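215 is the number of the first residue of the sequence shown in the numbering used here; add one for each residue after it. Even glycine gets a Cβ: it sits at the ideal position worked out from N, Cα and C. For clarity, every value in this text was computed on a predicted model and none was experimentally measured.
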Amino acid sequence: MKDNLKEKYIGTLPQQKLLKLYAKYVNKPKARFFKGFGLAVIPGERNGVYMKTLEGSRPNEPPLELINCRSSGGVFNLGHRHPKIIKTLKDALDGGLDLGDHMLLSEQRALLGEKLAELMPGDISKTTFGVSGGEAIDTAIKFSRAYTKRKGCISALGGYHGHTGFALLTGDIDFKDPFLWNFPEFKQVPFGDADSIRNAITDDIACVILETIPATGGVLIAPEGYFQEVREICDDSGIMLIMDEVQSGLGRTGHFWAIYGGIYPNEKVVPDFIVCGKGMSSGIYPLSTCSYKPCIEKAVFKEDPFIHISTTGGSDLACAVALEMLKIQSDPNFLDHVKEMGNIFGKGLKKIVEENIDILKEARGRGLMWGLEFNNVEDSQLSMLSIIKQGVLLNYCGNKKDTLIIMPPLIVKKEDLEEILSRIRLGITQLKDIKKR
Ligand SMILES: Cc1ncc(COP(=O)(O)O)c(C=O)c1O
């Protein structure tokens, strides 16, 4: 980072002044929320697994130096500002690329599409690009409807697929009600129970959509055989199976796809759609992908190849960056690293649970995606604050607030994990000490 440029973008105004601007011009309730939690801090410098705040959370306190175990749900799979990604973006700019024109064909989109097809399970080989995860989920549901000529969708209670049109319809009622956005053909059933899907099927169901590991829903691990059974149920009724790998895909579990060996190594399910977002951007340039089987292409695009478009989705710059990211993250050595780190991390978290059974219930996860479930919501939220104060950034699951979700960047080293585990342990101990007083 060049110091003269850093000053231009980071720490331009005092934190208090920026908070006031945020409240006045962006979102006052959000600024208040963070203040209420005593976390009125703004991200500043970031590099690798670390993120610094501009200032401390209170006047005269030093800036927090946080190990980012949120990773923004996988956006920072490669940590902050990975040098190869930064170089690729700079090279792509210097090499003559810009956004490109979405109405025209694109060299970069073709190359990225080819790489994705190579990495996809089964015969999934076509990709439609977007900017956000929600947009790519909307695309998958929209295409399922075109293919099946049916309207309905079954999703999991507590699941989260985004806040856009169809994606919002798949989610929990609290997010839909304020926007008067609820249709009976979109149904929710408990995650992990194949019978509940079977029982919800009617003639009008186009698709079943699931996160392979529901993240917002509490980092849930489905029972063995669940996805296989869901696949069979969908096949029996001509229903499309959409797997949302926005958080769990791209190597997060130590396997490239969670649905294809990442949950149970011998369970390799081929869905009809795989949707990616977040990590597709490598933390640098937004991109999401909706990949699907070739038979679906005909149903959507045959009559009109322009029936679905996205002006900035699949831009040339984003595709060049994502191609580099895929090369890094699909490398077997990289995936082995995630597996190894995942084993260390999982063991460490389970030990912390054993040491704190008075407040902790379970650590569950795969690879570097873990949930730490507390006996109640209060302990989960207070532990989150206490752990952040120890320098580990993490958060509770939005739809299962008794569980903290912990997703370190996939580039973490053993020493980082030891540091993270010791800070989590300290955060929990300090909370317990305060509660005893
Ligand atoms: C599993 C999952 N799917 C989809 C989305 C939506 O992505 P976006 O916020 O980019 O629209 C999210 C976002 O958190 C997510 O976690």
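Check whether the Cβ of residue i sits closer than 7 Å to any heavy atom of ligand 1, and report yes or no.
i    : result
D352 : no
T525 : no
D458 : yes
T467 : no
S451 : no
K492 : yes
A429 : yes
Q201 : The displayed coordinates of the chain run from 215 to 651. Any statement about residue 201 would go beyond what the structure contains.
S496 : no
S346 : yes
K374 : Correcting the residue identity first, residue 374 is Tyr in this sequence and not Lys. Checking every heavy atom of ligand 1 against the Cβ of Y374, one is found closer than 7 Å.
G432 : no
G528 : no
G670 : The displayed coordinates of the chain run from 215 to 651. Any statement about residue 670 would go beyond what the structure contains.
G385 : no
E425 : yes
G581 : no
G287 : yes
For residue i, which residues from the same chain have a beta carbon less than 6 Å from its beta carbon, with the 5 sequence-adjacent residues on both sides left out?
i    : result
A360 : A513, V514
F405 : A370, P428, L434
A354 : I456, F487, V489, C504
G287 : Q461, K492
T617 : G432, G585, E587, C611
L501 : M494, S495, A532, A536
E188 : The chain is shown from 215 up to 651; residue 188 falls before or after that span and cannot be answered.
I644 : As written in the sequence, residue 644 is Gln, which differs from the Ile given in the question. Cβ within range, chain order: S600.
Could you check the C-alpha separation between residue i and residue j for me, to the nearest Å?
i    : j    : result
N590 : T302 : 45 Å
K541 : N218 : 33 Å
D407 : K390 : 24 Å
I224 : L531 : 24 Å
D305 : D545 : 22 Å
S496 : R651 : 44 Å
G270 : L424 : 39 Å
W395 : V345 : 23 Å
S524 : H316 : 7 Å
V484 : S636 : 39 Å
I638 : P257 : 21 Å
A420 : T362 : 6 Å
N557 : V626 : 13 Å
M265 : E279 : 6 Å
F251 : T342 : 40 Å
E349 : T384 : 13 Å
K565 : A472 : 25 Å
A436 : A254 : 36 Å
K244 : T267 : 17 Å
N609 : P228 : 26 Å
L666 : N261 : Outside the displayed range of the chain (215 to 651) lies residue 666, so it cannot be described from this structure.
D518 : D386 : 34 Å
D647 : N570 : 12 Å
L233 : T426 : 37 Å
K231 : I510 : 52 Å
Spatial neighbours of residue i within its chain, please: CB distance less than 7 Å, with the 5 preceding and 5 following residues excluded, ordered by chain position.
i    : result
I634 : I281, C283, V606, P622
V552 : G465, G468, G581, L582, L624
Residue i bridges to which residues according to DSSP?
i    : result
L618 : L586, Y610
M265 : R260, L280
L574 : F588
A370 : V403
I423 : I456
S502 : G344
V489 : D458, C504
K482 : Y474
H294 : G262
G672 : Since the first and last residues shown for the chain are 215 and 651, residue 672 lies out of range.
Excluding five sequence neighbours on each side, which residues of the same chain lie with their C-beta closer than 8 Å to the C-beta of residue i?
i    : result
L311 : Q322, D530, L531, A534
E275 : E269
T378 : S346, G348, E349, I351, D352
Quick check on residue i - is its C-beta less than 8 Å from some C-beta in chain B?
i    : result
N274 : The question asks about chain B, but that chain is absent: this structure has only one protein chain.
For a test of your reading of the model: does the CB of residue i fall under 7 Å from any non-hydrogen atom of ligand 3? Yes or no.
i    : result
Q461 : Here the bound small molecules are ligand 1; ligand 3 is not part of this structure.
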